[in-house]
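S.K.: Handing you this structure, nothing more for now.
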Amino acid sequence: MVNEQSVGAVIKHRSPDSKTAEFLLLRNRRGFWGFPQGHKERGETEIQTLVREVMEETGIKDLDIQSYIGKITYSFFKGDGMRSEKEVRFYFATTPTKDVRISEEHADFTWATLKDAFSLLDHAKLRQILDRGHRKGLY
Numbered sequence: 006m007v008n009e010q011s012v013g014a015v016i017k018h019r020s021p022d023s024k025t026a027e028f029l030l031l032r033n034r035r036g037f038w039g040f041p042q043g044h045k046e047r048g049e050t051e052i053q054t055l056v057r058e059v060m061e062e063t064g065i066k067d068l069d070i071q072s073y074i075g076k077i078t079y080s081f082f083k084g085d086g087m088r089s090e091k092e093v094r095f096y097f098a099t100t101p102t103k104d105v106r107i108s109e110e111h112a113d114f115t116w117a118t119l120k121d122a123f124s125l126l127d128h129a130k131l132r133q134i135l136d137r138g139h140r141k142g143l144y
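Residue numbers (this note's numbering): 6 to 144.
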């Protein structure tokens, strides 16, 4: 049973002078690379959550949400030792900026090529989301 719902973004940047697309990855304080994502607040739509979370975690305000990619579900143990299940619904978005201001919950960020993003992402389910968007022809 899903206890928590979050929304995440696979964000692509392509500079006007380059044919190479880059994807934004954030490294959390535990050292794992992933995508911007966060919990849905009461009364928010998924898109509102996505825009808010991306802005809070990266400072990016200029975000063009393109398409829904898919969802992942995973289990984890909370601080109180209780098991919880989280569903994260991912969307593909683009931005014209590479200026990122990470939040305190993150240690670092990078703009990575598709190939490098696959290598950096620590969790298989996040690599599956990246692959699903690629197979859909989104990037």
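For glycine and all other residues, C-beta sits at the position ideal for the given N, C-alpha and C.
Just so you know, these numbers come straight off a predicted model, no measurement behind them.
Which residue wins for smallest C-alpha separation from residue 97, given the options 123, 144, 88?
M.R.: Closest option to residue 97, Cα to Cα, is 144.
S.K.: By how many angstroms is the C-alpha of residue 89 removed from the C-alpha of residue 71?
M.R.: Roughly 30 Å separates the two Cα atoms.
S.K.: What are the boundary residues of the beta strand (DSSP E) that residue 111 is part of?
M.R.: Per DSSP, residue 111 belongs to the beta strand (DSSP E) from 111 to 117.
S.K.: Which runs of the alpha helix (DSSP H) fall wholly inside the stretch 39 to 120 and span at least 4 residues, in chain order?
M.R.: You should have 51 to 63.
S.K.: Once DSSP output is grouped into helix, strand and coil, what is the label at residue 18?
M.R.: Three-state result, residue 18: strand.
S.K.: My output table needs one value for residue 138: the three-state DSSP class, helix, strand or coil.
M.R.: Residue state, collapsed to three classes: helix.
S.K.: Within its chain, find whatever has a CB closer than 7 Å to the CB of residue 108; leave out the 5 residues flanking it on each side and keep chain order.
M.R.: Answer for residue 108: 61, 62, listed in chain order.
S.K.: If you drop the 5 nearest sequence neighbours on each side, which residues of the same chain put their C-beta closer than 7 Å to that of residue 75?
M.R.: Same-chain partners within the cutoff: 95, 134, 137.
S.K.: How about residue 15 and residue 40: are their beta carbons less than 8 Å apart?
M.R.: Against a cut-off of 8 Å, the Cβ pair of residue 40 and residue 15 comes out as a contact.
S.K.: Since residue 110 and residue 33 should fall inside the 8 Å C-beta cutoff, what is the C-beta to C-beta distance between them, to a whole number of angstroms?
M.R.: With 8 Å as the limit, residue 110 and residue 33 qualify as a contact, their Cβ atoms being about 7 Å apart.
S.K.: Do residue 11 and residue 43 come within 8 Å of each other at the CB atom, strictly closer than that value?
M.R.: Cβ distance < 8 Å, so residue 43 and residue 11 count as in contact.
S.K.: Looking at residue 102: is its Cβ nearer than 8 Å to the Cβ of residue 127?
M.R.: Not a contact, by the Cβ cut-off of 8 Å.
S.K.: Work out the CA separation of residue 9 and residue 99 for me, nearest whole Å.
M.R.: The straight-line gap from Cα to Cα measures roughly 26 Å.
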